[in-house]
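The listed protein sequences derive, respectively, from chains E and R. Each residue of the first sequence is one higher than the one before, counting from 5 in my numbering. Each residue of the second sequence is one higher than the one before, counting from 5 in my numbering. For glycine and all other residues, C-beta sits at the position ideal for the given N, C-alpha and C. These notes are about the structure you will find just below.
There are 2 protein chains.
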Amino acid sequence: MMNSPLLLTNFMQHAARYYPTKEIVSVYATGTFRYTYDDWYKRTSQLAGALRSLGIKKGDRVASFSLNNHRHMELYFGVPCMGAVLHTLNIRLSVENLVYIINHAEDRILFIDEDVYFLIEPFKDQLKTIEKYVIMSQSGVMPQTSLSPVVLYDDLIKDFPETYDFPIDRDENEPCLICYTSATTGDPKGVVYSHRGLVLHSFATGVALGVQETDCSLHIVPMFHANAWGAPFACTMRGLKQVLPGRQILDMATLCRIIAEEKITFSCGVPTIWIMLHSYLESGGAHDFSSIRYLFSGGSAMPRHLIESYEKQYGVMMAQGYGATETSPVVTLSVPKSSMETMSIDEKIDIRATAGMPIPGLDVRLVNTETGKDVLMDGKEMGEILVRGPWIASEYYKDPKQTAITFPDGWFHTGDIGTMSKEGYISLVDRTKDLIKSAGEWISSIDLENAIMGFSKVLEAAVISLPDDKWQERPLACVVPQPDVVKTITKEEIQDYLKDKVAKWWIPDEIVFMQELPKTSVGKFNKKKLRETVIPDILKKRGKA
Amino acid sequence: MMNSPLLLTNFMQHAARYYPTKEIVSVYATGTFRYTYDDWYKRTSQLAGALRSLGIKKGDRVASFSLNNHRHMELYFGVPCMGAVLHTLNIRLSVENLVYIINHAEDRILFIDEDVYFLIEPFKDQLKTIEKYVIMSQSGVMPQTSLSPVVLYDDLIKDFPETYDFPIDRDENEPCLICYTSATTGDPKGVVYSHRGLVLHSFATGVALGVQETDCSLHIVPMFHANAWGAPFACTMRGLKQVLPGRQILDMATLCRIIAEEKITFSCGVPTIWIMLHSYLESGGAHDFSSIRYLFSGGSAMPRHLIESYEKQYGVMMAQGYGATETSPVVTLSVPKSSMETMSIDEKIDIRATAGMPIPGLDVRLVNTETGKDVLMDGKEMGEILVRGPWIASEYYKDPKQTAITFPDGWFHTGDIGTMSKEGYISLVDRTKDLIKSAGEWISSIDLENAIMGFSKVLEAAVISLPDDKWQERPLACVVPQPDVVKTITKEEIQDYLKDKVAKWWIPDEIVFMQELPKTSVGKFNKKKLRETVIPDILKKRGKA
């Protein structure tokens, strides 16, 4: 067979050549911008020309600090296909982390959304390698900014030709994107993606999701999250209409308007968004979901009762994916099998509430961390999830120490503990470090959280481990009540509710009510912060600190 | 990213692990055999053990002489995944060709369908490298045969363990299958497929066809045709139920019974089968096509009026694929785009009657053979179709001379002339060598054939070039009439019918009526044979020979 490299370039050019009139739609606060793959390819070519004129060479890092919009779609392909590496910066990271990763990646150019450039200004002097700032806006008046040198995106590209000789005589293993994990301990760790890895990830997710050219995707996951779960690549490969909601992802009325007007057929998002959307729906918010065939949730566990409500109240099927920045990111999907067609709706929702079954092309094992042996596929025996495959990272960028810990033996050790059913569906039990050991028995913080969140008076709940003299550890629940019961909810109510839901010894003795839970930059419960802030108080009250 | 090789092994093990109860169904004259992916994987493991015990090592060739059945499915994965190379022999090849390719490939073991072993006996002494014959049947009584040494398939494997340590620390470019093109001139040419190529072909066709796990495929294309168009691999990857009709593909009543009983959702086949099936339907044959969502035709052009009849009379959508043994084989698919939804049925059928649009992952060009430049995407300018990509052959096996002709510059030169519409759909005009040049103008033999086959009194028609003193070349039509008009049809009727269908100078002066047309071993019109047999007669009659 020909030694043709797997490059994202093929997807870009395939879309431009065979779907030139298909739309990419970008929604801004000021209005909706729409253009075609043909337009997009021309501007992406201009961008590549501009980068070359700035001296950007093969392997150089170019950073983006942006939400989901059409210019970010140009960067997603223009940077990798001209030979450089796109570093997507999470706009919610701390200043400390941003400075660290920009310097660590040695980014040369920084593209910034037009309404957030002021976030960069305070620490610009700490950025050692940035040579130019580009504000992602149309030509016009440069805002007052201390960033320098600085240029507007459309000014940067406007004088370059609408064709570019994208190199194809390349090694498919060349890096194309880089993304840092939002570490809760230590420095962020960089994952470098290759063209080969992302092409294969696109094929495998395209097959597993059954993505059709007739589909229309709303990219809710921010494009700085693990390449937005690969959707921009898979959708371009297949010539889909793509809708980029920008900052509107937090405005549920607008999101519902987009879904209805653009006839969205599927969308990927984190539970935070689906929970917000659900609240909006429950309050009677206007919507028309008739075009949707699937919603996908990932990043953290989606409460089962919400998956159920989406299906039963709003006629929308929701499935979950599981993965990590290190896995490009899709490892599993929780779509029921055809053999499950005769199941009841509730049984199917049970399946959708799992973390899902591996997609083709990967090897996934659940391993007893003490014996090193694979656990049974019985839905009971717990093991750490190990993943291997062509779109799984083999190392952290310039970080041999963390690499040795996480990739010790050719497998990615996820740090997640789960079970696998005989049908191959994984249920997450906990993070290895979040499991609670009470009197020698394991308590899953996630299972306990889900049980508590099943109580109608509870909005969110996070469970952490509290040191205990008698039982070694006991679960501590941090609970955000529903708005209407903030003043009336009691600890006893929750304990009472749990009585027939979990084992007696799982019921937390301590329950702390909070206004909100601290979250990481990707929307997961920040248990590290919870431990730091909540536990000392409790121990102090107990007179032990 | 991890350096994980792309191997068919992953698809096999994925199916066995996550779809253990899904069925593989094999239909024999004596009844239907059904087993599960779990059973299949166990027997495939036994087969691998047996091959190893016979001394089959990495890269060794193992041949199959078989139609589509469950043992062939075991060979399809067992041979490549244990490290060897499966050579699928076309059972319709001439003895001369069979002897040539078996010796050329240096096949060590020959697996033979139980009802065709007698076809091998006459030339067994010419096979220089075969060490063992295996008759693909269950344990029992060995038939009387001169093949030696010989063993029954189930006897061969029965004592080996149901697990096998399939090697995965391999180079993805290792060969896994080999197939020879059915050459109409010269010796057959071998194409060696790699694991990498077939894994990528499976992903790309899976995405392009929108193959779902809920689908059920009837493999009509014989498994000795270019890996049965990749369907056994793509279907296994996605865990589909697969149905293997064996010799029943020529019995339309049985085929329809299988479609109805097994709830087939899609099937791939050559026009010959779809024409036979259509005749069966037209004669009122029993059928239930309610489960079918698509039929795919390939290998040669499907007459438009039959695609139309399938859709309008029988409610079945049919699309075409284009490719070759050298292309694994899928290059294009003629499924209409979503932007064509508002088209009329007839316009959509026009699209389905083309050779289709390239699938993602390949580069396809149409090149003017005189200027070397790409032709316009205007549906008019003709060019030779050139293909490049990771599942396109780069050479013929041990044949540098033919390799230099067909792969001169990093592209596969298909020898097919076509046009490409602005939407990217290719229409085949002709083979470079079958085009007819009349008075300096090109006549497409294929277009003329299709025009003639549109006449209700015509069953099949092939057009070849007839030397002509005045016009250099003139088209000669070889026509098989419908059975009921064999004795009454006239040349003038056809010429009259063509008057408003093609340019006047395209209308053949000579029309020869025949009982049947010679076909190649893959069911295409054998124009070489037609030229050899028909033209001398005509020239003789004209008194010029």
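Cβ-based contacts, 8 Å cut-off: residues of the stretch 148-181 of chain R near chain E: N177
Beta-carbon proximity of R/L55 to R/A88, cut-off 8 Å: yes
R/E286 at chain E interface by Cβ criterion, 8 Å: no
Closest by C-alpha distance to R/E78, when choosing among R/S198, R/D158, R/A257: R/D158
Residues from the stretch 227-243 of chain E in contact with chain R, defined by Cβ distance under 8 Å: M241, R242, G243
Below-8 Å beta-carbon distance, R/P364 vs any chain E residue: yes
E/E620 and E/S150 closer than 8 Å at C-beta: In this structure chain E extends from 5 to 549, so residue 620 of chain E is not present and cannot be described.
Candidates R/N72, R/Y22, R/H18: closest to R/Y550 by CA position: Residue coverage of chain R in this structure runs from 5 to 549, which leaves residue 550 of chain R outside it and unanswerable.
Among E/L181, E/I113, E/S186, E/F411, the one whose alpha carbon lies nearest that of E/V99: E/S186
Alpha helix (DSSP H) segment containing R/M241, residue limits: Element bounds for R/M241: 235-242.
Distance between beta carbons of R/P362 and R/V554, contact taken as under 8 Å: The structure shown does not extend to residue 554 of chain R, since chain R is modelled only from 5 to 549, so the question has no answer here.
Delimiting residues of the alpha helix (DSSP H) encompassing E/A20: 12-22
R/P84 and R/C180 closer than 8 Å at C-beta: yes
Bounding residues of the alpha helix (DSSP H) (the contiguous stretch that carries E/V83): 74-86
Minimum length 3: unbroken beta strand (DSSP E) runs contained in the stretch 306-330 of chain R: 322-327
Residues of the stretch 318-330 of chain E with Cβ closer than 9 Å to any Cβ of chain R, in chain order: none
Min CB distance R/S221 to chain E below 8 Å: For R/S221, no CB of chain E lies under 8 Å from its own CB, so it is not counted at the interface with that chain.
Any non-hydrogen atom of the ligand ADP within 7 Å of E/W510 CB: The ligand ADP is absent from the structure shown, which contains no ligand whatsoever.
Residue environment, R/E445, which counts as buried when at least 16 other CB atoms sit within 10 Å: exposed
E/S198 at chain R interface by Cβ criterion, 8 Å: Using a Cβ-Cβ cut-off of 8 Å, E/S198 counts as an interface residue toward chain R, since at least one Cβ of chain R sits closer than that to its own.
Sheet register partners of E/M5 (DSSP bridge): Per DSSP, none; premise fails for E/M5.
Cβ pair E/A52, E/M16 closer than 8 Å: no
Same chain only: Cβ atoms within 7 Å of R/D438, ignoring 5 sequence neighbours per side: S449, K531
Residues bridged to R/C220 (per DSSP): R/K245
Cβ-Cβ distance between R/G360 and R/S343 below 8 Å: no
Environment of R/S460 [buried if 16+ CB atoms lie within 10 Å]: Answer is exposed; the Cβ neighbour count stays below 16.
Inter-residue CB distance, E/V484 and E/L463 (contact presumed, cutoff 8 Å): 5 Å
Collapsed DSSP secondary structure at E/M424 in the structure displayed: strand
Nonlocal neighbours in the same chain, by C-beta distance under 6 Å from R/M6, ignoring five residues either side: Sequence-distant Cβ neighbours of R/M6 in its own chain, meaning closer than 6 Å and more than five residues away, do not exist here.
Under 8 Å from the C-beta of E/I277: neighbouring residues of chain R: In chain R, no part has a C-beta under 8 Å from the C-beta of E/I277; the shortest such distance is about 27 Å.
Beta-bridge pairing of E/I263 - partner residues as DSSP gives them: Partner(s): none; E/I263 has no beta bridge.
Buried or exposed (CB count within 10 angstroms, at least 16 for buried), E/P171: exposed
Own chain residues within Cβ distance below 7 Å of R/K495, not counting five before or after: I515
Residue from R/T25, R/I493, R/Y137, R/P522 whose Cα sits closest to the Cα of R/G243: R/T25
From R/D513, R/R261, R/T373, R/L370, residue whose alpha carbon lies closest to that of R/I542: R/D513
Within chain E, the residues that R/V211 reaches when beta carbons sit closer than 8 Å: The contacting residues are F207, G210, V211, V215, M241, R242.
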